[in-house]
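Under this note's numbering, the residues of the sequence shown are numbered 3 to 215, in order. All C-beta atoms in this analysis are idealised placements derived from N, C-alpha and C, irrespective of residue type, glycine included. Treat the numbers as computed from the prediction; the structure is a model and nothing was measured.
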Amino acid sequence: MKLYNMMLSNFASKSRIAIYEKGLNVEMVDPPGGMGSADYKKINPLGKVPALALDNGQVIAESELINEYLEEKYPQNPLLPSDAEGKAKVRACTRFHDLYLEPPMRALFPKLFGQNLDDKFIAEKLAEVNSRLDQLDATIGSPWAAGSAFTLADAAIAPTMFFLNTFLPQFGSKGPLEGRPKVAAWWAAVQERPSVKKAISEQQAALAAMMKK
């Protein structure tokens with residue numbers, strides 16, 4: 003299998019964490035021509051990462067679908083509980099991340115790379131990010147995001163939390179852990195998980211390389 007991947011991407015990191023947890027032999031490759039290129043769209047019409055190319059030629063796009071496929075295909079070191087209620091709890095966490103926590107953060111990225119954003123827009127997105135972080139603090143489990151076991155929920159949230167820790171203070175906002183004891187306790191635990199530590203170190207290296215350009 004091949005994972006079309008960019009080390010900085012939080013969504014690609016989400017799938018790398020699942021791969022590392024399961025100990026799978028997956029080749030990490032850059033999108034040919036870069037994200038959105040004509041060459042890469044021949045592989046993944048969305049032009050985004052990650053995308054998982056199976057040995058039979060099928061390509062699975064979208065990190066959540068990739069992770070669910072890996073969980074079903076390779077049940078060792080499970081990343082979903084065995085019961086329906088537990089699965090629902092994990093999927094509620096990943097859904098919250100994908101639909102509510104990550105998008106307002108992503109909306110601020112252009113400012114970090116020199117593009118002008120309206121001050122009102124920035125203030126609105128910062129308020130939304132902080133509101134979502136408050137909601138996360140009210141609902142996150144212990145010691146892991148969905149409770150007693152490390153799951154796909156942790157794999158989803160951790161790479162985005164790396165970005166939030168890195169970038170929120172640059173906008174004059176409080177850090178994502180400040181005043182959020184449950185999120186802070188979760189972060190202290192999850193960043194020591196070997197799979198997460200590896201993925202975040204890859205994000206850090208990719209970010210450092212990009213900032214030098």
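Separation of residue j from residue i, as counted between CA atoms
| i | j | result |
| --- | --- | --- |
| Ile62 | Leu54 | 5 Å |
| Ala210 | Ser203 | 10 Å |
| Glu70 | Asn132 | 29 Å |
| Pro52 | Ile19 | 12 Å |
| Ala191 | Ala125 | 31 Å |
| Lys75 | Leu81 | 12 Å |
| Gly149 | Ile142 | 8 Å |
| Pro178 | Gly38 | 31 Å |
| Ser15 | Pro83 | 21 Å |
| Phe98 | Gly88 | 15 Å |
| Glu23 | Thr96 | 17 Å |
| Phe152 | Asp121 | 39 Å |
| Gly35 | Asp41 | 6 Å |
| Val92 | Pro106 | 21 Å |
| Lys50 | Ser17 | 13 Å |
Minimum C-alpha distance to residue i - residue among the options
| i | options | result |
| --- | --- | --- |
| Phe123 | Phe115, Ala109, Gly116 | Ala109 |
| Lys127 | Ile19, Gln206, Asp57, Gly174 | Gly174 |
| Met9 | Phe169, Glu29, Ala94, Met3 | Glu29 |
| Leu138 | Lys113, Pro171, Asp100, Phe115 | Asp100 |
| Val206 | Asn12, Pro105, Lys4, Leu5 | Per the sequence shown, residue 206 should be read as Gln rather than Val. For Gln206, the nearest C-alpha among the options comes from Asn12. |
| Pro161 | Lys176, Gln193, Tyr42, Asp136 | Gln193 |
| Ser65 | Arg134, Tyr102, Met163, Leu154 | Leu154 |
| Asp57 | Lys113, Ile159, Lys4 | Lys4 |
| Ile68 | Leu179, Phe111, Asn7 | Asn7 |
| Arg182 | Asp136, Trp146, Pro196, Gly143 | Asp136 |
| Met213 | Glu74, Phe115, Leu81, Ala129 | Phe115 |
| Gln78 | Gly35, Gly25, Arg195, Lys16 | Gly25 |
| Lys113 | Leu170, Pro33, Tyr42 | Leu170 |
Collapsed DSSP secondary structure at residue i in the structure displayed
| i | result |
| --- | --- |
| Glu66 | helix |
| Tyr102 | helix |
| Asn51 | Sequence inspection shows Val at residue 51; the Asn mentioned does not correspond to that position. Val51: coil per DSSP, three-state reduction. |
| Gly38 | coil |
| Met3 | coil |
| Val28 | coil |
| Gly149 | strand |
Proximity test, Cβ basis, 7 Å: residue i and chain B
| i | result |
| --- | --- |
| Ser17 | The chain labelled as chain B is not found in the depicted structure, where only one protein chain is given. |
Buried versus exposed call for residue i [16 or more other C-beta atoms within 10 Å across all chains shown]
| i | result |
| --- | --- |
| Lys44 | exposed |
| Ala157 | buried |
| Phe164 | buried |
| Ala147 | buried |
| Leu48 | exposed |
Proximal residues to residue i (C-beta, below 8 Å), its chain only, five neighbours per side dropped
| i | result |
| --- | --- |
| Ala129 | none |
| Lys176 | Asn132, Leu170 |
| Asp32 | Tyr6, Asn7, Met8 |
Any non-hydrogen atom of the ligand NAD closer than 6 Å to residue i Cβ
| i | result |
| --- | --- |
| Asp41 | The ligand NAD is not part of the structure shown, which contains no ligands of any sort. |
Beta-carbon contacts of residue i that lie in its chain and below 7 Å, excluding the five residues immediately before and after
| i | result |
| --- | --- |
| Asn46 | Tyr6, Ala53, Val61, Ala63 |
| Val185 | Leu135, Leu138, Asp139, Ile142, Pro178, Leu179 |
| Ser197 | Ile19, Tyr22, Glu23 |
| Lys200 | Tyr22 |
Proximal residues to residue i (C-beta, below 6 Å), its chain only, five neighbours per side dropped
| i | result |
| --- | --- |
| Glu104 | Thr162 |
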